[in-house]
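Numbering (the working numbering), first residue to last: -10 to 320.
Have a look at this one:
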């Protein structure tokens, strides 16, 4: 199912308006212009929130329980200060934040994405990338967004446009695995005590043939996987956000867990391949992981290798671990 929101003031029209003003030298800051955003929270009053930012379109989309409830113009990093692409979690929030790097500049309704200074916050909107790496939002929109997010919310930043699709086809990545895929002596690591609480992220690397589990950015689990795509090469990186698990943790007759997912990127037709067909994991590890997956949990499947330093592939940050990145007090 593809979710679309009809806008009273289509943002593409505003973008063309921007282009005209810029070419004529009359560009103005639209940070306080009500035409710069749409906000319809009543379309989905509750559920997990996901934010998608497109650098090429200078636009942000906000989804709740898979339904688009908001859309706005943004201004991202200018040349030399480009906003990084990747999949992030909101690390902390500060309504009255001021920059320690840029002369105590106000950054209202700041929501930090990286420890080296990238954040969502209210800021100038001249119609083109002009920040030092942060994602500037309309002032009123930043206030509204601040009110519906919390630490751990997923933010996806892409170069191109990334539509989100909702499906019940994917099941859950811990269900439907055949025990004979692994020997009884297969080894895996599970240390949830390293991070007792926080948002859960699952990273699957087809190249490494491993699955990594992070909670609050801290690695707590790791296991080998069996790639099950019959020689078909997976390419790129895709994110799946768990919206709900149906009737609790009750398995359906075919052994798969009832679940509703939002897939970010790709095309609607790609939903024909269930997430459970991508890989198998040891049953014992699957049972442990099953207890942690709740609405808002994210599963990232990538064809790239995963480095211990950043949990990322070149040019695209994938759920960088907080444990390996300490706050430096900047931004």
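We put the beta carbon where it would ideally sit given N, CA and C, even for glycine. Computed from a predicted structure; not experimentally measured.
- Straight-line measurement puts the Cα of residue 277 at about 34 Å from the Cα of residue 83.
- Residue environment: residue 185 is assigned as exposed (fewer than 16 neighbouring CB atoms within 10 Å of its CB, all protein chains considered).
- Here the alpha carbon of residue 43 sits roughly 34 Å from the alpha carbon of residue 183.
- Boundaries of the alpha helix (DSSP H) around residue 275: 272 to 279.
- By the criterion of a C-beta distance shorter than 6 Å, residue 129 is surrounded by no residue of its chain, once the five residues flanking it on both sides are discounted.
- Assignment of residue 267 by DSSP, reduced to helix, strand and coil, places it in the coil class.
- Counting the other CB atoms within 10 Å of its CB gives residue 21 a total below 16, which places it among the exposed residues.
- Residue 176 carries a coil assignment under DSSP once its states are collapsed to helix, strand and coil.
- Looking at the backbone, the Cα of residue 47 and that of residue 200 are separated by about 33 Å.
- Exclusion of the five residues before and after residue 189 leaves 204, 281 and 286 as the residues of its chain whose Cβ lies within less than 6 Å of its Cβ.
- By the Cβ neighbour-count rule, residue 108 is buried, with 16 or more other Cβ atoms within 10 Å of its own.
- Straight-line spacing of the CA atoms in residue 31 and residue 56 works out to 10 Å.
- When DSSP reads this structure, residue 71 sits in no beta bridge, so it has no partner.
- In the DSSP assignment, residue 229 is bridged to 252 and 288.
- Comparing alpha-carbon positions, the option among 214, 230, 135 and 210 lying closest to residue 145 turns out to be 230.
- Spanning the alpha carbons of residue 132 and residue 116 requires a straight line of approximately 20 Å.
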